[in-house]
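Visitor:
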Amino acid sequence: MDSQLDNIGEAVRRILDTIPPDVVLIAAGKTRTVEEIDAAIQAGVTHVGYNYIQEAIPIIQAIGHRVSWHMIGHLQRNKAKLAVQYFDMIETVDSWRIAQALDHHCENLEKIMPILVEINSGNESNKTGVIPDAVDELVHRISKLKHIHVEGLMTMGPRFGDPEESRPYFKATREVFERIAARHLPNVSMRYLSMGMSNSYRIAIEEGANIVRIGTKLFGERQ
Ligand SMILES: *Cc1c(COP(=O)(O)O)cnc(C)c1O
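Residue numbers for the sequence shown, in my numbering: 1 to 223.
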């Protein structure tokens, strides 16, 4: 095994040792090779996230479903069918249109897809995700769909050099999470809060994240 793959293994073990056992580590796989993803899996990664379906498909085909595959990038409606065919969870549902498209394709495939609703926790005009004020209504509408199942929320939040600045956005997302959980909607189980990346995952966990999505800290800087 070459030393770069050894480094990935060490980084995975280090992070798995430091996060609580109930927090799921998603290896954010964008730009990485099958060999790099495989090294992460051999070191204990059980969940891998991808942003683009075209990039994910050959990797998923090579590695198979011994790990869980999460869609963590913005999903276009014309990719909804492929997304439900290949992924085990879609973390980025942010509109009624995309929810309906996923539900339709899941119905055809006779499957039920767990999804997270993506929150634009910074209310940033150039970002994907539902703004916090619109989340309750969207989740309520989605709860009527039979083939997708809301299991929580995901957020990116604004990017900061100092991860401490992310804390208010994680807190706000946690509050939306609790508010929706308290409504006990049918077909909604508020189980997962996906937030935090390489530079912010510790703070995200302090604020209640139980899914963290990490790329750079596992695989090194992207080219
Ligand atoms: C790339 C990416 C991550 C991981 O980012 P790093 O800073 O490399 O850890 C997490 N979530 C999403 C949606 C991403 O696209």
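Glycine included, C-beta positions come from ideal geometry on N, C-alpha and C. Just so we're clear, the structure is a prediction, and the values are computed from it rather than from any experiment.
#1: Let me make sure I understand the geometry here. Which of Glu178, Ile203 and Thr155 has the alpha-carbon closest to that of valine 188?
#2: Glycine 49 bridges to which residues according to DSSP?
#3: At 4 residues or longer, what runs of the alpha helix (DSSP H) sit wholly inside the region 143 to 222?
#4: Helix, strand or coil, according to DSSP, for proline 114 in the structure here?
#5: Which term fits arginine 183, buried or exposed, when burial requires 16 or more other beta carbons within 10 angstroms of its beta carbon?
#6: Quick test of your reading: glutamate 151 and tyrosine 192, contact by CB under 8 Å. State the CB separation rounded to the nearest angstrom.
#7: Just to confirm, is the Cβ distance from glutamate 207 to lysine 171 under 8 Å?
#8: Is there contact between the region 45 to 58 and the region 21 to 30, where contact requires at least three CB pairs shorter than 8 Å?
#9: Could you please give me the residues that DSSP links to valine 130 through a beta bridge?
#10: Report all residues from its chain with a CB closer than 7 Å to the CB of arginine 13; omit the five preceding and five following residues, and keep chain order.
#11: Taking the DSSP output, what are the residues bridged to valine 93?
#12: Does the beta-carbon of asparagine 199, which I'm using as the reference point, lie nearer than 7 Å to any heavy atom of ligand 1?
#13: Report, in whole angstroms, the separation of the C-beta atoms of leucine 75 and isoleucine 90, which I expect to be a contact under 8 Å.
Guide: Taking the definition as stated:
#1: Locating residue 188 in the sequence shown gives position 188, where the first residue counts as 1. Ranking Glu178, Ile203 and Thr155 by Cα distance to valine 188 puts Glu178 first.
#2: Within the sequence shown, residue 49 is the residue found at index 49, counting from 1. Glycine 49 is bridged to Ala28 and His70.
#3: Here the runs fully enclosed are 167 to 181, 201 to 206 and 216 to 219.
#4: Here residue 114 refers to the residue found at position 114 of the sequence shown. Of the three classes helix, strand and coil, the one that applies to proline 114 here is strand, per DSSP.
#5: Here the question's residue 183 lines up with position 183 in the sequence shown. By the 10 Å Cβ count, arginine 183 comes out exposed.
#6: Numbered from its first residue, the sequence shown carries residue 151 at position 151. Numbered from its first residue, the sequence shown carries residue 192 at position 192. That pair is a contact at about 5 Å.
#7: Within the sequence shown, the letter at position 207 stands for residue 207. Within the sequence shown, the letter at position 171 stands for residue 171. Yes, they are a contact pair.
#8: yes
#9: Along the sequence shown, one-based indexing puts residue 130 at 130. Under DSSP, valine 130 shares a beta bridge with Ile119.
#10: Along the sequence shown, one-based indexing puts residue 13 at 13. Ala43 and Gly44.
#11: What you label residue 93 is simply residue 93 of the sequence shown in a count that begins at 1. DSSP, once it has assigned bridges, lists Val117 as partnering valine 93.
#12: Along the sequence shown, read from residue 1 onward, the residue named residue 199 stands at position 199. Within the cutoff, so yes.
#13: Start at 1 with the first residue of the sequence shown, and residue 75 comes out as number 75. Start at 1 with the first residue of the sequence shown, and residue 90 comes out as number 90. About 6 Å separates the CB atoms of leucine 75 and isoleucine 90; that is less than 8 Å, so the two are in contact.
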